[in-house]
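The sequence shown runs 72 to 363 under my numbering.
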Amino acid sequence: MSYITPKDNYPSPSRLLDSLRSTGYELPSAVGDILDNSIDAEASKIDIYINYNKNDGYECIFADNGRGMNSEILDDALKLGSEKSEYNQSSLGIFGFGLITASIGICKRVEVYTKSEDSDDILVSIQDLEVIYNDNEFKKDGPRKVTKEEEIIFNKHLANSVSGTVVRWLKCDKIIDLNNERVINSVKNKIANIYRAFMDLPGSAKIEFSINENIIEPSDPMWLKNDETEIYSDEYYPVKLKSNENGTIEENIRCRLILLPKFEIQQAREYKINEMTNGFHIYRNNRVILIG
């Protein structure tokens, strides 16, 4: 079917941004979208920095030693609805909205610095919402080679890495809690729970997460490290799923039923074991995607 009189119907950039920024994106969830990209880039180390001062507000920085990006991929990364059409089934993010939507939901300015292993160039691309609001056009700076001042920002975090990416959030007007320690703890606890499987992978597959230079230890809500915990059932079930090529693929779903140790009432309160913390955890590619 085609239109009789086709006409472009682009949305108003400022109105669209207002809508995207009013969706109530919480900081821990937005941080998760950035970390998903780092994991997809095969990073083994991801450092997070969350700092606050009265003059500038919050600044959030994410640095990983993953593959980095070339100019084409970086150009796509700061575009709403990435045009990238091929995704690996193991990718944690597949809709092309993660980096830019997460950034828009938290801050007015995002800077992305990156270097790939096969290039000596450090590239940068910047999107500032105040520029878009002022011109009412979707515009960004770059991708381009970094200036000397921008190179310092990249090397501060990844000087010893052959490749990697630094994402910097500035003008974080959507972080309204001025208690920096509380904000850091909310992000740290989310990471410890959602990405705990990556922290426990063997050998070189393990991913190290840190926040403000403190290593994040994995949480253990199922008490698997306690000798009194009982693994009641641990089985795999084959399922058939539709593939992108209109065919089917067969995967295995692992189901584990865990019986927690029996605690006295006071101990249970201390460990926060109750109806709200009992339930199920659903993983996709080692990442917790649902807790109920």
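Think of the CB as a built atom: it goes at the ideal place given N, C-alpha and C, for glycine as much as any other residue.
Can you round the beta-carbon distance between Asp-135 and Thr-236 to whole angstroms, since I take them to be within the 8 Å contact cut?
Going by Cβ atoms, the distance from Asp-135 to Thr-236 rounds to 6 Å, so yes, they are a contact pair.
For Tyr-74, which three-state DSSP category applies?
It is coil, neither helix nor strand.
So, does the stretch 119-126 touch the stretch 271-288, judging by three or more C-beta pairs under 8 Å?
Short answer: they touch.
Which of the three DSSP states is assigned to Arg-86 in this structure?
The answer is helix: DSSP assigns Arg-86 an H, G or I state.
Which residue wins for smallest C-alpha separation from Ile-286, given the options Lys-259, Leu-272, Tyr-307, Leu-295?
Closest by alpha carbon: Lys-259.
Does DSSP put Glu-188 in a helix, a strand or coil?
Reduced to three states, the DSSP call for Glu-188 is coil.
For Val-16, which residues of its own chain have a beta-carbon under 6 Å away from its beta-carbon, when the five flanking residues on both sides are left out?
Beyond the ends of the chain as shown, which are 72 and 363, falls residue 16; an answer cannot be given.
Could you tell me the alpha carbon to alpha carbon distance between Gln-338 and Glu-130, rounded to whole angstroms?
One C-alpha to the other measures close to 39 Å.
Would you mind reading off the limits of the alpha helix (DSSP H) that contains Ala-101?
From DSSP, the alpha helix (DSSP H) with Ala-101 extends over 98-111.
Between the alpha carbons of Glu-220 and Cys-178, how many angstroms are there, rounded?
Roughly 22 Å separates the two Cα atoms.
Please confirm if the stretch 306-315 is in contact with the stretch 139-146, defined as three or more CB-CB distances below 8 Å between the two stretches.
Verdict: no, contact absent.
Quick check: what's the CA-CA separation for Val-102 versus Ala-173?
Answer to the nearest angstrom: the Cα atoms are 7 Å apart.
Would the beta-carbon of Glu-188 fall within 8 Å of that of Val-238?
Contact: no.
Given this structure, state the Cα-to-Cα distance separating Arg-215 from Arg-340, to the nearest angstrom.
Arg-215 and Arg-340: Cα-Cα distance of roughly 54 Å.
Roughly how many angstroms separate the alpha carbons of Ser-93 and Leu-87, rounded to a whole number?
Taking the straight line joining both Cα atoms gives about 10 Å.
On the DSSP bridge assignment, give the partners of Ile-320 in chain order.
Per DSSP, Leu-312.
Measure the Cβ-Cβ separation of Ile-12 and Arg-327 and say whether it is below 8 Å.
Residue numbering for the chain in the displayed model covers 72 to 363; residue 12 lies beyond these limits and cannot be assessed.
Using the Cα positions of Leu-194 and Val-217, report the straight-line distance between them to the nearest angstrom.
Whole-angstrom Cα-Cα distance: 6 Å.
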